[in-house]
Structure formats: C-alpha cells, structure tokens
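Q: Before I ask anything, let me first share the structure, which is written out below as structure tokens.
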Amino acid sequence: MSARPFYVTDPIFYPNADLHMGHAYTTTLCDVLARTTRLENRPTFFLVGNDENASKVAKAAIVAKADPQSFVDAQAEKFKSFYARLNIAYDDFIRTSDRTTHWPGAQALWNSLVAAGDIEKRAYVGWYCVGCESFKTEKELVDGKCPDHNTVPDRIEEENYFFKLSKYTVAIKDLIERGRLLIVPETRKNEVLALLSRGLEDVSFSRPTEKVAGWGIPVPNDSSHTMYVWCDALVNYISALGFGQADNNRYQEFWAGTGERIHIVGKDILRFHAAIWPAMLIAAKLPLPTVVFAHGMITSGGRKMSKTIGNVIDPVKLLDEYGTDALRYFLIRKINPFDDGDVTEDSFREAYNADLANGLGNLVSRIMKLASQYLTAAPAIPDNTIPAEFFDALHAFQFNRATDMIWDRIAVLDARIQDRQPFKLIKTDPEKGREEIAKLVVELYTIARMLNPIMPETNEKLKALIRANQAPAAPLFPRKD
Ligand code: MSP
C-alpha cells in the first residue's frame, strides 16, 4: 500500500506590509508538519502564497509609488527571502495575481457556483472596512468604528454578486459534528458550531470593477464585476494544485484523493475556512479539507503587537542575532499552539540561553568531546529510533509537547552523564567507559533525528558531527547576555 498523501497549506498573506512574527509562526508550523511527513516518506505537498488582489494591497502600491503588479512582484521576492532565512521548505508559492495558475481555478470554481444556482446579483448597502477587507454589520461596529482597526468604515452602496451561504449552514454543521470536517482544537470547533447555530448569512462575492480600479480577477461573463476576497483567496488552495487547468495531476493526488488536506490558519480567519470555504466546496461538489487547525495569536508582553505601543518583535532581528533554528525552536516549543502565546526579547533570550546554549549545546559538546577523544570512530547507529509518540504528537498539532519529548531526552542524558561520570570511568575501566560513551552518542543521534522537522539545520550539523566523530569547533549556540 502506498503512503497516504499529505497536503498542508499556509494562509496566503496580504503583501501590503512586511511579514511579522505571526506570519512566521503559522508558516513554521506548516513547515514542521511537512518535514514530519517527508520524514515518514509520505508524498507531501506544502503550499504558501500571497493574497494579492486586495484593495489594501493596491493602496500600499500607491503609497510605494508603484503600479500594483510590480509592487506585489517585489513583495513576493521579499517574502521568499524571508522564508529562505526561516528555512521554510515549501513546494509552491501561489500568487493570486498569477493569471496562468490561479485565475483559471478561481473562475472555474465561480462557474460551478453559478451552475449550482448559488450566485445571485443583489443591491448592497453597508459598511466596508479596508483594514479587514470585509463588510461589517452594524452590530460588529463599536461607536461606528471597526474595533480591530479603530477606523470608520466606508459606506458602500452598490450591486454585488452574492453567494448563498445561508443554504449551507445545516450541511456544514452536520459535517463538523460528525467529524467529517475536523476543526482543531476543540474550543475553536465549539466556537464555529456556535456561529453555525446562529445561522450564516449570504456573503458578497464581487465588487464593481470600477470600485477596485480593475485590480483583481474578473467575474466570468461579467467583467464589470471583480471577484471579492472569498472566491479569489480561498480558491488558492486548489488552484495551486492545478484545479481549473488542463494539467491537474497534483490536484488529483493531493485534493481529489484519499489523502489528508490540512489548512493551518490563525484563529482570526478560522470562520472563513470553517464556513465559507466548505460551503463553496459542497456547492461545487468538490472534496472538503480534512482538517482546519487554528492556532492562537502571538502577543508581546501580553498585548497585541503594535507600532504605537512599541512592542513589535521583528523576526528578522531575532534571525540576525540568534539564527534560524533558535527562532524556530522558540516558536515551536514556547508558544502553545492551542492558545495565544507571548514573546518578548527577554523571554526569547532566556529560552535561548537555558535550552539551546546550556541544554542542547552543552550536551552536544560534552558527548562529542568524549567521543572524539576516546572512540576511534562513530558507533553503529540503529535505524528508526524516533518514538511513535513523537510523530503522534506532531500529527495532533501538539508541536510544543513533541518538542518537550526531545528536551526530556536531553535531561535524561545530562542526568546519565552526571550519574555515570564517563570521563572518570574511561580512566578506571576503559572498555566500560567506551561502551558508555558510545551509548551516549547513539542516544544523541536519536535527538538529532527528532530535531529534523523542528530545527533542520541543527539536525544536519549534529548528524555530521556524530558521523565524523568530531566535537563542534565552536559552540553550536553561543551564550547571549
Ligand atoms: N489574506 C488573508 C488570508 C486568506 S487565506 C485564504 C489574511 N492575510 S493576513 O496577512 O492578514 O494574515 C493573517 C494570518 O497571519 C493569521 O491567520 C495568522 O496565520 C497570521 N498572523 C497574523 N498575525 C498574527 C499574530 N499576531 N499571531 C499569530 N498569527 C498571526 O488574513
């Protein structure tokens, strides 16, 4: 039997501004999972991308004195370099301005919704928040302002095509309740079910083309309308695989088949992924994702990161100062993916010094100094030493618990060295001493293997040192004060 295909997606981010810690977080979670299933030899596809057809992106282009296309082109290059620094091994980077890969998919899906009788032109009067890129109901406004952006939304009166989302409330609720569409964690699933119990309203799926200055995907057979957000952005998950194109082998393998199809998102965009997107897929008679995992938000010092508060933590600064694996380590181990998490420069430095400089770094140099001094070559390394619980935890999105398992092993080895004193044993009983050191090296190799999805660079370095039977020339994680 061939291994079950695994498809994991990152949200497509708005390229109006630079990526920050929150984006780095979601993307790293996806990357860890993709590396995990590759380690398990499963066919894996990991998608990232940019959500380019948005008015805030067009506005950012104006501020940058660029035309929208060259602006988003430049931003995409920047994001790619950022991912390279974070060691994100994505398989494809989808861009919604891409007329050959993305547009055919979005238009094909639109046509399916029309065929299902679920698209209807209606007059629309309401409030539109550009920051959110979404229409707001009166109820959602606080003192007439968008609570997230603290700005007065635009008053809009226009014709829109609507998607009859309300029709699908019961079907989606049923799928979630029966576990056919898994929403993880449970708390978020309950929030979605509560939302569905209140009933879904039909949603606007287009804007008049002149209102968006022609930036976006034309509605099929009516270019006076441009697709608005949903039928554009959400479709990226299948257009990237070739949906709507002649060559759709990837779509067949990773979406239409029996594989896992996992969307990882922040809790802020869960409802779109747990309600609108499944409804679109049901209407178009396409398979649904198997899981939507929604993580919490990252704060700094207990508050939302904001330029005005001055508590924004720049991931690039941390990458420069501490390196890629240190940032990945912090995000994966120190943020509880089921809840909101916090990062400050102090908490980062503390974790780095305690767990990487002292914990892992020290252990590696102690063991490898002994090995290079007293063993003539690397000991024989058994195959497949990663415990099944480690993979189970990662597949259950318990990224921090999986990483705890590695650091538990580091503690066990530290205690063992303390207890058996190999550096003394080697003098009194050289044979036993060598056996003990070889045992430590073999255990360290398992640690190296387990680090593979989380800290890929360190995984490589450790395996190379062990194979060459060498101590690191310089500390892997120099202390920072
Ligand atoms: N373009 C839409 C998503 C469309 S997906 C079909 C969008 N883009 S966004 O640039 O605003 O990114 C939102 C996502 O960025 C969140 O869902 C989350 O993945 C990540 N984060 C942004 N800020 C975050 C935090 N402060 N903390 C954690 N993740 C955050 O919404």
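FYI, my numbering numbers position 441 of the sequence shown as 436, with every residue one higher than the one before it. Every residue gets a Cβ at the ideal spot worked out from N, C-alpha and C, and that includes glycine. None of the values given here were measured: they were computed from a predicted structure.
#1: Measure the alpha-carbon distance for D424 versus A349 and round it to whole angstroms.
#2: Use the C-beta contact count for S(-3): other C-beta atoms within 10 angstroms, 16 or more gives buried, fewer gives exposed.
#3: Confirm the yes/no value for this check: CB of V260, any heavy atom of the ligand MSP, distance under 7 Å.
#4: Can you give me the C-alpha to C-alpha distance between I330 and T22, rounded to a whole angstrom?
#5: How long is the line joining the alpha carbons of S301 and V307, rounded to whole angstroms?
#6: DSSP has W122 in a bridge; who is on the other side?
#7: Using 8 Å as the threshold, is the C-beta distance between G239 and G100 below it?
#8: So within the region 292 to 356, which uninterrupted beta strand (DSSP E) runs reach at least 3 residues, ignoring any that extend past its ends?
#9: Throw me the rounded Cβ distance for the M222 and G209 pair, which I believe falls under 8 Å.
#10: Would you say G17 touches the ligand MSP, meaning its beta carbon is less than 7 Å from a heavy atom?
#11: Check whether the Cβ atoms of N155 and R202 sit closer than 8 Å, and answer yes or no.
#12: Among residues of its own chain, excluding the 5 on either side of I7, which ones have a beta-carbon nearer than 7 Å to its beta-carbon?
#13: E205 by DSSP, collapsed to three states: which one?
#14: At a threshold of 7 Å, does F8 count as lining the ligand MSP (C-beta to nearest heavy atom)?
#15: Using the C-alpha atoms, what's the distance from D320 back to P451?
#16: Determine whether the beta carbon atoms of T398 and R444 lie at a separation below 8 Å.
#17: May I ask you to report which of helix, strand or coil DSSP gives N106?
#18: Which same chain residues, not among the five before or five after R396, have their C-beta less than 8 Å away from its C-beta?
#19: Alpha carbon to alpha carbon, what distance is there between R404 and A111?
#20: Determine the contact status of F333 and G291, defining contact as a CB-CB distance below 8 Å.
#21: So what does P213 bridge to, in DSSP terms?
#22: Just to confirm, are F157 and S199 a CB contact at a threshold of 8 Å?
#23: DSSP three-state call for R117: helix, strand or coil?
#24: With three or more beta-carbon pairs closer than 8 Å as the criterion, would you say the region 256 to 263 touches the region 280 to 287?
#25: Let me check one thing: in DSSP terms, what residues is N45 bridge-paired to?
#26: Provide the residue span of the alpha helix (DSSP H) that contains F478, from first to last.
#27: Look at the Cβ atom of F40, then the Cβ atom of F249, and state whether they are nearer than 8 Å.
#28: Ends of the alpha helix (DSSP H) at T238?
#29: Tell me I442's beta-bridge partners as DSSP assigns them.
#30: Which same chain residues, not among the five before or five after A53, have their C-beta less than 8 Å away from its C-beta?
#31: Which class does F472 belong to by DSSP, given the choice of helix, strand or coil?
#32: If distances are taken between C-alpha atoms only, which option among T303, N216, T339 comes closest to P310?
#33: Which residue comes first and which comes last in the beta strand (DSSP E) that contains H258?
#34: Would you kindly work out how many angstroms separate the C-alpha atoms of T346 and Y369, rounded to a whole number?
#35: In or out: Q70 buried (at least 16 other Cβ within 10 Å) or exposed?
#36: Please indicate yes or no: does the CB of M300 lie closer than 7 Å to some heavy atom of the ligand MSP?
A: Let's see:
#1: Going by the C-alpha atoms only, they are around 33 Å apart.
#2: Exposed, because fewer than 16 other Cβ atoms sit within 10 Å of the Cβ of S(-3).
#3: Checking every heavy atom of the ligand MSP against the Cβ of V260, one is found closer than 7 Å.
#4: If I take the Cα positions, the gap works out to 14 Å.
#5: Here the alpha carbon of S301 sits roughly 6 Å from the alpha carbon of V307.
#6: For W122, the pairing in a beta bridge is given by DSSP as K131, R150.
#7: In contact: G239 and G100 (Cβ atoms closer than 8 Å).
#8: Here the runs fully enclosed are 293 to 295.
#9: Not quite, the Cβ-Cβ distance comes to about 12 Å (not below 8 Å), so this is no contact.
#10: Residue side-chain check: G17 places its Cβ nearer than 7 Å to a non-hydrogen atom of the ligand MSP.
#11: Going by C-beta atoms, N155 is nearer than 8 Å to R202.
#12: Cβ within range, chain order: G44, N45, D46, I89, T91, A228, N231.
#13: The answer is helix: DSSP assigns E205 an H, G or I state.
#14: F8 Cβ: within cutoff of the ligand MSP.
#15: Approximately 7 Å between the Cα atoms of the pair.
#16: Taking 8 Å as the Cβ cut-off, T398 and R444 do not qualify as a contacting pair.
#17: Of the three classes helix, strand and coil, the one that applies to N106 here is helix, per DSSP.
#18: Excluding its 5 nearest sequence neighbours in each direction, R396 has C-beta neighbours in its own chain below 8 Å: A388, listed in chain order.
#19: Their backbone Cα atoms lie some 55 Å apart in a straight line.
#20: Their beta carbons are under 8 Å apart, which means F333 touches G291 by this criterion.
#21: T221.
#22: Pairing F157 with S199 gives a Cβ-Cβ distance under 8 Å.
#23: R117 falls in the strand class under three-state DSSP.
#24: Three or more Cβ pairs drawn from the region 256 to 263 and the region 280 to 287 lie within less than 8 Å of each other, which places the two stretches in contact.
#25: For N45, which the question treats as bridged, DSSP gives the partners F8, R90.
#26: This structure does not reach residue 478, given that the chain is present from -4 up to 476, and the question cannot be answered.
#27: Result yes, Cβ atoms of F40 and F249 sit closer than 8 Å.
#28: Rather than Thr, the amino acid found at residue 238 in this sequence is Phe. Counting along the chain, F238 sits inside no alpha helix (DSSP H), nor does DSSP assign it H or E at all.
#29: I442 is not bridged by DSSP to any residue.
#30: Excluding its 5 nearest sequence neighbours in each direction, A53 has C-beta neighbours in its own chain below 8 Å: P63, V207, A208, W210, listed in chain order.
#31: Coil at F472, not helix or strand.
#32: Out of T303, N216, T339, the CA that lies nearest to the CA of P310 is found in T339.
#33: For H258, the enclosing beta strand (DSSP E) begins and ends at 255 to 261.
#34: Inspection of the sequence shows that residue 346 is occupied by Ala rather than by Thr. CA-CA distance, A346 to Y369, rounds to 32 Å.
#35: Looking at its Cβ environment, which holds 16 or more other Cβ atoms inside 10 Å, Q70 is buried.
#36: Correct: M300 has its Cβ closer than 7 Å to the ligand MSP.
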